[in-house]
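> Chains as they are written, first to last, in our numbering: chain A, -1 to 586; chain B, -1 to 586.
A virtual CB, placed ideally from N, CA and C, is assigned to each residue, including glycine.
These numbers come from a predicted model, not from an experiment.
Protein chains: 2
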Amino acid sequence: MSDYRAPIQDMRFVMDELADLPGIARLPGFEEATSDMADAILEEAAKFTGEVLAPLNAVGDREGCRWQDGAVSTPPGWKEAYRQYCEGGWNGIACSPAFGGQGLPGALAVAVKEMVCSANLAFSVCPLLTTGAIEALMTCASGELIETYLAKMISGEWTGTMNLTEPQAGSDLALLRSRAEPQADGTYRIFGQKIFISYGEHDMVDNIVHLVLARLPDAPPGVKGISLFLVPKVLVNADGSLGARNDVACASIEHKLGIHGSPTCVMAFGEQGGAVGYLLGQANRGLEYMFVMMNEARHGVGLQGVALGERAYQHALAYAAERKQGRDAVTGEALVTIDHHPDVKRMLMLMKSRVEAARALAYYTAGLLDRSHAESDENVRQQQLFLAEFLIPLVKGGGTEMGIDVTSLGIQIHGGMGFIEETGAAQFWRDARITTIYEGTTGIQANDLIFRKLLRDRGATAQRLFAEIERTVSALRSHDDATLNAIGKSLQEGLCQWREVTRCVLASAKTQPEGALTAAVPILSLAVTVSNGWMMGRAALIARQRLDDGDAAAEFLQGKCVSARFYADHVMPQAGAYAATALNCLVG
Amino acid sequence: MSDYRAPIQDMRFVMDELADLPGIARLPGFEEATSDMADAILEEAAKFTGEVLAPLNAVGDREGCRWQDGAVSTPPGWKEAYRQYCEGGWNGIACSPAFGGQGLPGALAVAVKEMVCSANLAFSVCPLLTTGAIEALMTCASGELIETYLAKMISGEWTGTMNLTEPQAGSDLALLRSRAEPQADGTYRIFGQKIFISYGEHDMVDNIVHLVLARLPDAPPGVKGISLFLVPKVLVNADGSLGARNDVACASIEHKLGIHGSPTCVMAFGEQGGAVGYLLGQANRGLEYMFVMMNEARHGVGLQGVALGERAYQHALAYAAERKQGRDAVTGEALVTIDHHPDVKRMLMLMKSRVEAARALAYYTAGLLDRSHAESDENVRQQQLFLAEFLIPLVKGGGTEMGIDVTSLGIQIHGGMGFIEETGAAQFWRDARITTIYEGTTGIQANDLIFRKLLRDRGATAQRLFAEIERTVSALRSHDDATLNAIGKSLQEGLCQWREVTRCVLASAKTQPEGALTAAVPILSLAVTVSNGWMMGRAALIARQRLDDGDAAAEFLQGKCVSARFYADHVMPQAGAYAATALNCLVG
């Protein structure tokens, strides 16, 4: 099945109404992001992802990648698709125009990224990593390295990788052993083995730019002795042409549960005497540079959850509208399509509302990141950044856990057919399973939320967020529409629970860290449930207003209200359960 | 990894203390189920499943089954393992001694079944179906058919299948089209295509006994016109020897998400002029006979969820005790195994407590089924049967949904390694995914609970169950141990919520079926959460008592209390969320 259609209407609604793209387009540097421009981009991206990338998704799953003598072949058709992807200018959509990018705001580019992930998650991993590497170079590379590498990475002519993990060092990077030996010419020789390197080797481009974490000889132990190096697969001559092959080899690729089209490589650096590497930024600050791009990377993975949920929803919706089975329990009609059955409706609505809610939070957060770069007032920039950073573990942890749940519902709606691989529903679920693990597990997101994002300003950002949510609660509760009222009531309860848990964790996290660490994931789930519900409440208010104003998109806007109400009735009650569990850990 | 060790201590605790095996062993027909007998059986079964079946689990996943020219080869080693399984007498452990079975109570046999499923789910599907077919034959076959087939199925020499599903008829069997033409000799000719037939063809035995649903020429439409036929793969001569091949063919096998070792066949009946079939019982009562064995089959699938959860738990526990990563957040110790990290502990405890709770409900229900057969008083038998039938959708729906959640946590604990197939954690999750679908989806379990099991006696069985739970609540709350008190409090709240929802659904299900149908799965989840919590509460009371009595198994019994408390703190709060959602559907 290759039937992905980008949900442009919801994307536009969310970016315009909830992430305030029109406001962002008034900020310096983002003036090109007009409504017409957004239309054009979304339509083109929908066409490309639907027609080129989506049909290759099942191919990638079935054929996988092949390793032979150190070379990796991507699945049939991928090389050509990647060429088209680059030609369309999609790779550099949000990158600096100074190096050939389009410089669009994240709140617009996010929709394109979602489409690419929905259409073909395994494919999307390659540009995601290249984008991360680009950001890292922008942060800390010297002018010369930027000159040599950046434009080619932005165009997509060369791709990028992140070489962090080693067999003994996964979540705990303090245990890194790869080492870098300084050379007389100012370069370094890199030695070590890295694992789980996505697109560490592949056949879609002529050169691959590896960013590698390694230790200098005199480095202090632990995370403060890690430096970041640029290690190209092929050395680049002074004139920019490709030179000799560097001492970097792909030793093998993994046999994985999902994203078969994305080669996960074991990379060997320096087995022939040392891989030539270039220090990025200052020595021993590698982890810090990596964390600069962590926001973007984690946001991107959260978006993968949204994207897979959307794809699975479309797939299940289409099946449920075709498959006839059983009698209509209410009308008694003899043989109906299964989307008439209340429990199937419930599952479809659960998929839809959870995807919409997570999408809204992801786009909203992308907008905050735009503002954190482009607002003129430094205080405003800082506040937007802190709020974005507070929400990123929610986008990542919440989006990915939702993605697993929702793709599982997609299988369930297919019944026995869902278990047959050719149906395609199972792939989304298998692909989704990595998203709660890579770029920091859900547990790590939860710790980041509490021990970094909440505690670093003693809850000040949280309080600002709560005040925002409170405003939405007031608007909903004072509205004369019963649906909005009900949504407001459930949001109010959720907010109240989140506040109580936040008070409690602020009071006890430092003195009783074990309780807070045990409560962390339940607290993250609580935060996700309520902030997603906030987005749904905001969406309902705006949709209601536009309906009252006689907006032409009545069916879509009514759908937003129904979806928000469903979320309030079926998802928001979980906030109470997460809060109770968290309090049991914190107080118990 | 082939490191399954049957959790004999917990199995014995649950069957003795919660399912009252000693009481059941006093009932006529079950006298052999002494404590020594139970010890011997569990030890032998643990040995066989751990040493023979478990190591073949990954082999089956990797190699799968092969179809060629209508023949199906099972994975390497399976034929020999099946031979040993039969030689050990495991197939007929709970079957009638009159035909070579051992006649053991279900409350004991259930542990052996769990072990087989834990060790190798794909393998276990074959005996599960044979057992179902045996039950169907006992219910409705003539003496002659019983004479010819039963003993060989109980010994395992021949296996059985269930041929229900057709491409257009899945959950809705009213749509069946396979037909049976009466012949002058009293036999029938069967025509039609069946799909999703597990072990419809394989190489482990010489004959396969297909039970096939089909329509007679004069049958009324819908479910009341379906008859059940016995259709052997190979015809049996009057002397019991094998004769000519019947007109039954395996047209292909499916490429599935999981249980690769279990061949899922498309079966073609009658393409060469008609498959010889024998009517079982009376015409047009086929579905009724199928439902007789549905209790057992659904219970068995619920147990599969428990079994996979247990296996995944053991796998994750072993990994977490070996993998070193990160610093101890509380003691500050430098490099610790990950089972020191509070969030990993939380996940492991969530796995353990949810598996133990679901196991307890499954074993308890098996005990009720034993009593429903063996109690002398007919009223008691009837009450036990009604309670068992009330709980079976909870065992099935709850056990299988838990199995998916818990195997997913197992992957999560492995981090990136969990996504690599060779690690083995992913297989449990893939295998688990079918269990919420086959033998009736979770949605069908929920409808069965409400529209059949709850409404048929207007809640009388539910009220009896609530009164039982209330007694446990009282014992917990009046106890002077704080842990038991806390468990009692959470159980009391859950019971209160379940009662309220039950009142509401009894009042509205007939007049507003759509609300009840939408609320069905949340209500099932509520019922599962509370009744599993009840089992944990009972377990904690008994464990506490035995500890106070100076029982030697102190570590195990303390573990039961910890597990029950964890369940109360981390799982039971969800009851409130399910109840709120259900009420939103019923009232909203």
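(1) Given a threshold of 16 other Cβ atoms within 10 Å of its Cβ, counted over all protein chains shown, does Glu41/A qualify as buried or as exposed?
(2) When you compare the CB of Thr509/A with every CB in chain B, is at least one pair closer than 8 angstroms?
(3) Helix or strand or just coil, what does DSSP make of Tyr197/B?
(4) Measure the Cβ-Cβ separation of Ala17/B and Met113/B and say whether it is below 8 angstroms.
(5) Go to Pro230/A, then tell me how far its beta strand (DSSP E) extends in each direction, as first and last residue.
(6) Determine the DSSP secondary structure at Ile418/B, reduced to helix, strand or coil.
(7) Compute the Euclidean distance between the alpha carbons of Ser192/A and Val203/A, then round it to the nearest angstrom.
(8) Beta carbons nearer than 9 angstroms to chain A: which residues of the region 547 to 580 of chain B have them?
(9) Give me the Cβ distance between Leu522/A and Gly395/A, rounded to the nearest whole Å; I'm assuming they're in contact under 8 angstroms.
(10) Return the CA-CA distance between Arg497/A and Gly307/B, expressed in angstroms with no decimal places.
(11) Identify which residue in Glu30/B, Leu301/B, Phe554/B has its Cα closest to the Cα of Ala358/B.
(12) Nearest to Cys115/A by CA position, among Ala242/A, Gly303/A, Cys559/A, is which residue?
(13) Determine, using beta carbons only, whether Thr72/A comes closer than 8 angstroms to chain B.
(14) Less than 8 angstroms between the beta carbons of Thr137/A and Asn89/A, yes or no?
(15) With DSSP as the reference, label Glu269/B as helix, strand or coil.
(16) Here's a check: name, in chain order, each residue in its chain whose Cβ is nearer than 8 angstroms to the Cβ of Arg325/A, leaving out the five neighbours to either side.
(17) As a quick exercise: from Glu199/A, His412/A, Leu285/A, Ala551/A, pick the residue whose alpha carbon is nearest that of Gly441/B.
(18) Would you call the CB atoms of Leu119/A and Ala178/A closer than 8 angstroms?
(19) In whole angstroms, what separates the C-alpha of Glu155/A from that of Ala247/A?
(20) Going by DSSP in three states, Asn118/B sits in which element: helix, strand or coil?
(21) Compare the beta carbon distance of His208/B and Val229/B with 8 angstroms and say whether it is the shorter of the two.
(22) Let me know the secondary structure DSSP gives Val210/B once reduced to three states.
(23) Quick one: residues in its chain with C-beta nearer than 7 angstroms to the C-beta of Gly535/A, no 5 flanking neighbours on either side, listed in chain order?
(24) Whose C-alpha, out of Trp65/B, Gly416/B, Ala217/B, is nearest the C-alpha of Leu173/B?
(25) By the three-class DSSP mapping on this structure, what secondary structure does Met(-1)/B have?
(26) Could you work out which residues of chain A lie near Glu199/B, taking near to mean beta carbons separated by less than 9 angstroms?
(27) Identify which residue in Leu447/B, Leu539/B, Gly531/B, Leu148/B has its Cα closest to the Cα of Leu515/B.
(28) Would you mind reading off the limits of the alpha helix (DSSP H) that contains Ser250/B?
(29) In chain B, what lies closer than 8 angstroms to Ser588/A by C-beta?
(30) Would you please verify whether the beta carbon of Ser94/B is less than 8 angstroms from any beta carbon of chain A?
(31) Are the region 53 to 68 of chain B and the region 255 to 267 of chain B touching, with three or more C-beta to C-beta distances below 8 angstroms?
(32) Give the DSSP-derived three-state secondary structure of Ala355/B in the structure shown.
(33) Round the Cβ separation of Arg352/A and Val393/A to the nearest angstrom and send it over; I've been treating them as touching at under 8 angstroms.
(34) Do Leu126/A and Leu135/A have their C-beta atoms closer together than 8 angstroms?
(35) Below 8 angstroms between beta carbons: does that hold for Val108/A and Ala360/A?
(36) For Met9/A, I'd like the list of residues in its chain whose CB is within less than 6 angstroms of its CB, leaving aside the five on either flank, ordered along the chain.
Well, looking at it:
(1) exposed
(2) no
(3) coil
(4) no
(5) 225 to 230
(6) strand
(7) Correcting the residue type first, residue 192/A is Lys in the shown sequence and not Ser. Roughly 21 angstroms between the two C-alpha positions.
(8) Arg563, Ala566, Asp567, His568, Val569, Met570, Pro571, Gln572, Ala573, Gly574, Ala575, Tyr576, Ala577, Ala578, Thr579
(9) 5 angstroms
(10) 35 angstroms
(11) Leu301/B
(12) Gly303/A
(13) no
(14) no
(15) coil
(16) Glu331, Ala332, Leu333, Val334
(17) His412/A
(18) no
(19) 20 angstroms
(20) coil
(21) yes
(22) strand
(23) Thr470, Leu474, Ile485, Gly486, Leu489, Ala562
(24) Ala217/B
(25) With a pLDDT of only 44 at Met(-1)/B, under the threshold of 50, the placement of this residue in the model should not be trusted, and no figure is reported.
(26) Near Glu199/B there are no residues of chain A at all, since even the closest Cβ is about 17 angstroms away, more than 9 angstroms.
(27) Leu447/B
(28) Here Ser250/B belongs to no alpha helix (DSSP H); instead the beta strand (DSSP E) covers 246 to 251.
(29) The first residue shown for chain A is -1 and the last is 586, placing residue 588/A beyond what the model contains.
(30) no
(31) yes
(32) helix
(33) Not really, about 14 angstroms apart at Cβ, beyond 8 angstroms.
(34) no
(35) yes
(36) Ala109
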